[in-house]
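Okay, so here's the structure we're looking at.
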Amino acid sequence: MNTILHSIKDKKKFDILKKLRKNQLIRIQLLENNKIVFYRGKILSIHKAGMSSTFLIRRKIRGIRLDINFPLFAPFLRQIEIIY
9 MNTILHSIKD KKKFDILKKL RKNQLIRIQL LENNKIVFYR GKILSIHKAG MSSTFLIRRK
69 IRGIRLDINF PLFAPFLRQI EIIY
């Protein structure tokens, strides 16, 4: 049962991967240390490689630019929302 749920979630992530474009503003929901954390930033690049797909976002924190590379199929990645 648990593997079926993972495959459904992975299928949704493949659909999201098709919609992701460079320079889009996105909001990411992560699970870090049993807390939900939100990141919001602009997509700089997308590496489409099946299950090892990644995307790089740029986030500004107090005037400092921070580039973060996220694996799309990581278990801590809960939700990706495209803002525009």
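In short: position in the sequence shown from 1, add 8, done, that's the numbering used here. Heads up, the beta-carbon is just placed ideally off N, CA and C, and yes, glycines get one too.
Asked	Found
List the endpoints of the continuous beta strand (DSSP E) containing P79.	72 to 79
The beta strand (DSSP E) with K50 in it runs from where to where?	43 to 55
Output the distance between the C-alpha atoms of N42 and F84, rounded to the nearest integer angstrom.	10 Å
Using three-state DSSP, classify I24 as helix, strand or coil.	helix
With a 10 Å radius around its C-beta and 16 neighbouring C-beta atoms as the bar for buried, classify F46 as buried or exposed.	exposed
Output needed for E89: all residues of its chain with C-beta closer than 6 Å, excluding positions within five of it in sequence on either side, in chain order.	R35
Tell me, which residues are paired with Y87 by DSSP?	Strictly speaking, residue 87 in this sequence is Gln, with Tyr absent from that position. For Q87, which the question treats as bridged, DSSP gives the partners Q37.
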